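Scroll down for the structure; my scribbles are underneath it.
In the UniProt record's numbering, the protein residues as written are 1 to 537.
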């Protein structure tokens with residue numbers, strides 16, 4: 001596919017013999033170099049935890065990771081709403097009902113350091129504290145525990161686990177109120193890039209396998225699941241009904257219609273509502289993406305959507321293709337699990353992670369969870385290489401990989417140029433970036449600016465990645481540009497910049513990133529890249 005940008009066309013005096021085909025005019029930056037830092041790609045600060053390897057002194061032999069534009073946080077509901085709303089006036093402002101201070105601080109600190117935030121609210125976390133006050137694991141507010149039927153206590157190994165009754169009307173209503181307040185405060189804030197669907201499951205990951213595996217309370221059997229839950233559930237880790245799902249999904253979508261929402265996709269009915277069926281999708285600006293927490297152990301594509309023994313796969317349910325192709329329009333954000341989960345070695349763990357980053361078009365990889373993150377032992381070089389490339393391959397990595405620019409053009413003639421744009425990464429960008437070309441005279445003054453017709457959101461390669469020593473497949477598209485006649489005789493240079501254009505309508509706080517870092521050399525102080533020179537004479 002060729003994109004064509006045409007300025008006012010005048011008969012050209014340039015001929016094909018005047019064109020110099022330069023396959024790499026200033027050089028493409030290879031993956032062996034330090035990573036590029038751009039929004040919503042690569043390694044991000046998960047759980048507001050510094051990037052690896054600099055977060056672990058034991059790994060000081062490795063170079064400092066160059067940075068990130070993203071951080072993520074997980075906040076317990078109890079921290080946001082310690083006061084019982086039944087004791088507060090019904091006409092009270094949100095600030096009188098909720099305590100936003102911790103989340104405000106995270107967002108403000110991130111904004112000061114050039115980062116945006118993604119966050120999730122949890123109402124149950126099955127781990128991972130060394131100990132719990134009063135031996136009680138509780139993420140919901142204390143007052144919710146006093147409402148009959150809203151939660152239930154489970155004693156296990158000396159710890160009381162306070163778990164919401166996921167279908168209880170009071171639980172769902174109060175959580176929906178919380179979502180509404182969060183949306184009113186943060187949806188229009190451009191420092192908030194991502195909201196992770198919240199309100200159901202362990203860590204709000206849309207399953208409660210802990211109840212099945214640790215508490216010995218499995219969910220309905222597959223044969224009874226449709227009658228009891230309203231949808232088919234194969235693995236006995238789902239406790240929420242379709243009616244509750246519709247209510248909770250709609251509350252999430254209506255709270256954050258202007259913000260990129262992602263969700264763990266373990267529940268097929270939640271996935272259907274988020275990606276296809278909820279009436280609230282009509283007002284959502286961005287398609288819902290995938291939040292996967294098992295990189296290195298499980299594919300980012302959930303088991304029910306990829307395993308040959310899944311009934312959804314066997315029956316050809318249309319939602320399967322929607323999930324498998326979601327990367328084309330929405331990001332996949334991942335997290336490494338803190339254990340191998342399915343056994344195996346560290347090498348196999350990192351190999352699986354690398355392979356899945358490429359084949360499942362992952363955009364972001366977490367700074368936490370993998371074995372070396374906290375290990376006191378030096379990470380072996382070969383494992384660091386696997387981990388490092390998983391991060392570098394993730395997301396978009398664009399460059400003008402070749403160009404054809406005339407060496408000379410006659411006065412008053414239009415000047416044809418072609419530029420090959422390549423994405424070397426595993427996924428496209430999902431935000432608005434504006435590639436443009438500047439023509440500069442000998443003094444460095446911009447005398448022409450032409451918008452590119454290349455849509456970077458459409459530039460990505462299909463992947464079939466198995467050779468772990470290789471780089472991902474890349475994809476290239478050609479942009480044809482015509483510079484209108486009228487340039488005065490003289491020497492000119494051509495540069496490209498990719499400008500930030502992502503904005504929320506009626507934003508309460510605006511963010512403006514510098515031009516995108518491209519995988520090529522010669523970046524100038526304005527974020528531009530020199531592509532070549534020509535003479536008008």
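Backbone N, C-alpha and C define an ideal beta-carbon position, used for all residues, glycine too.
Fair warning: this is a prediction, and the values are worked out from it, not measured in the lab.
Query	Result
Contact check, residue 530 vs residue 498, beta carbons under 9 Å	no
DSSP-derived helix/strand/coil call for residue 160	strand
Residue 493 - containing beta strand (DSSP E), residue span	490 to 500
Alpha-carbon spacing of residue 57 relative to residue 415, whole angstroms	55 Å
Extent of the continuous alpha helix (DSSP H) to which residue 268 belongs	268 to 272
C-beta contact flag for residue 267 and residue 233 at 9 Å	yes
The stretch 50 to 69 contacting the stretch 143 to 160, beta-carbon criterion three pairs below 8 Å	no
Within 9 Å, strictly: CB atoms of residue 338 and residue 128	yes
Beta-carbon spacing of residue 75, residue 112 below 9 Å	no
Three-way DSSP call (helix, strand, coil) for residue 135 in this model	helix
Identity of the residues DSSP links to residue 434 by a beta bridge	499
Best match in 99, 43 and 528 for proximity to residue 178 [C-alpha to C-alpha]	99
Residue 301 beta carbon less than 9 Å from that of residue 248	no
Buried versus exposed call for residue 284 [16 or more other C-beta atoms within 10 Å across all chains shown]	buried
Contact belief for residue 326 with residue 275 at Cβ below 8 Å, rounded distance in angstroms	7 Å
Nonlocal neighbours in the same chain, by C-beta distance under 6 Å from residue 286, ignoring five residues either side	260
Buried or exposed (CB count within 10 angstroms, at least 16 for buried), residue 152	exposed
Segment contact, 8 Å Cβ cut-off, at least three pairs: the stretch 341 to 356 with the stretch 377 to 395	yes
Residue range of the alpha helix (DSSP H) that includes residue 178	169 to 186
Contacts around residue 228, its chain only, beta-carbon distance under 6 Å, and the 5 residues preceding and following it disregarded	220
Per-residue DSSP class, three states only, for residue 83	coil
Sheet register partners of residue 530 (DSSP bridge)	495
Buried/exposed call for residue 376, threshold 16 Cβ in 10 Å	exposed
With 16 other Cβ atoms within 10 Å as the buried cut-off, status of residue 109	exposed
Close beta carbons around residue 217, own chain, < 7 Å, minus the five adjacent residues each side	211
Unbroken alpha helix (DSSP H) run spanning residue 303, endpoints	303 to 306
Inter-stretch contact (C-beta, 8 Å, three-pair minimum) for the stretch 417 to 430 and the stretch 23 to 43	yes
Inter-residue spacing [alpha-carbon to alpha-carbon] between residue 486 and residue 413	7 Å
Touch test, the stretch 358 to 373 against the stretch 316 to 323, Cβ-Cβ under 8 Å, three pairs minimum	no
Contacting residues, own chain, Cβ-Cβ under 6 Å from residue 524 (five flanking each side not counted)	none
Nearest candidate by alpha-carbon position, reference residue 482, set 508, 452 and 87	452
6 Å Cβ shell around residue 239 - same chain, five flanking residues per side excluded	166, 208 and 219
Best match in 213, 30, 192 and 312 for proximity to residue 222 [C-alpha to C-alpha]	312
C-beta atoms of residue 465 and residue 328 nearer than 9 Å	no
Expected contact under 8 Å - CB spacing of residue 423 and residue 397 to nearest Å	6 Å
Segments assigned alpha helix (DSSP H), at least 4 residues, entirely inside the stretch 309 to 339	311 to 314 and 318 to 324
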